[in-house]
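Enquirer: Numbering (my numbering), first residue to last: 252 to 352.
In this text, a Cβ means the ideal position worked out from N, Cα and C, and glycines have one as well.
From a predicted model like this one, the values you see are computed outputs, not experimental measurements.
Just passing along the structure, written as structure tokens.
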């Protein structure tokens with residue numbers, strides 16, 4: 252699936268649209284600042300797939316700090332049969348920058 256820009260993500264969050272929202276940053280990063288997504292650090296993702304199994308057919312939007320770890324998470328999830336995974340381009344940094352505009 253096509254990745255997602257922060258503008259679209261913000262609009263969808265503001266509209267309270269339904270999707271699985273996943274943050275793959277480390278716990279300390281999540282605790283410092285988050286967008287309300289479910290936190291599963293990238294390194295723990297392979298052992299946490301059971302938490303996402305029921306969402307295999309759902310849209311999953313993944314984000315991290317800048318978009319690199321979430322891109323890896325997207326590839327991993329796709330390799331496990333998840334077909335509707337989207338990476339947030341620019342990550343939370345771009346999202347917070349957008350809010351400041």
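Determine the burial state of residue 325: buried for a count of at least 16 other Cβ atoms within 10 Å of its Cβ, exposed for fewer.
Expert: As a working note, residue 325 is residue 74 in the chain shown. Its Cβ being crowded by 16 or more others within 10 Å, residue 325 is buried.
Enquirer: Just verifying my parser: in three-state terms, what is the DSSP assignment at residue 291?
Expert: What you label residue 291 is simply residue 40 of the chain shown in a count that begins at 1. Looking at residue 291 - three-state DSSP - the assignment turns out to be coil, as it is neither helix nor strand.
Enquirer: Considering Cα atoms alone, identify which of 261, 335, 334 is closest to residue 346.
Expert: Sequence index remark: in the chain shown, residue 346 carries index 95 (1-based). Measuring from the Cα of residue 346, the nearest candidate turns out to be 261.
Enquirer: List the endpoints of the continuous beta strand (DSSP E) containing residue 328.
Expert: Within the chain shown, residue 328 is the residue found at index 77, counting from 1. Segment 319-330 is the alpha helix (DSSP H) holding residue 328; no beta strand (DSSP E) there.
Enquirer: In whole angstroms, what separates the C-alpha of residue 344 from that of residue 299?
Expert: The sequence position of residue 344 within the chain shown is 93, counting from 1. The sequence position of residue 299 within the chain shown is 48, counting from 1. Computed Cα separation, rounded: 25 Å.
Enquirer: If you measure between the beta carbons of residue 342 and residue 317, is that distance less than 8 Å?
Expert: In the chain shown, residue 342 corresponds to position 91, counting from 1. In the chain shown, residue 317 corresponds to position 66, counting from 1. Against a cut-off of 8 Å, the Cβ pair of residue 317 and residue 342 comes out as a contact.
Enquirer: Thinking C-beta only, is residue 257 closer than 8 Å to residue 328?
Expert: By 1-based counting over the chain shown, the position of residue 328 is 77. By 1-based counting over the chain shown, the position of residue 257 is 6. No, the Cβ-Cβ distance between residue 328 and residue 257 is not below 8 Å.
Enquirer: Which residue wins for smallest C-alpha separation from residue 254, given the options 332, 305, 331, 310?
Expert: For the purposes of this step, residue 254 is identified with residue 3 of the chain shown, where counting begins at 1. Among 332, 305, 331, 310, the Cα nearest to that of residue 254 belongs to 310.
Enquirer: Give the straight-line distance between the Cα atoms of residue 306 and residue 271, rounded to the nearest whole angstrom.
Expert: By 1-based counting over the chain shown, the position of residue 306 is 55. By 1-based counting over the chain shown, the position of residue 271 is 20. Distance between the alpha carbons of residue 306 and residue 271 is about 7 Å.
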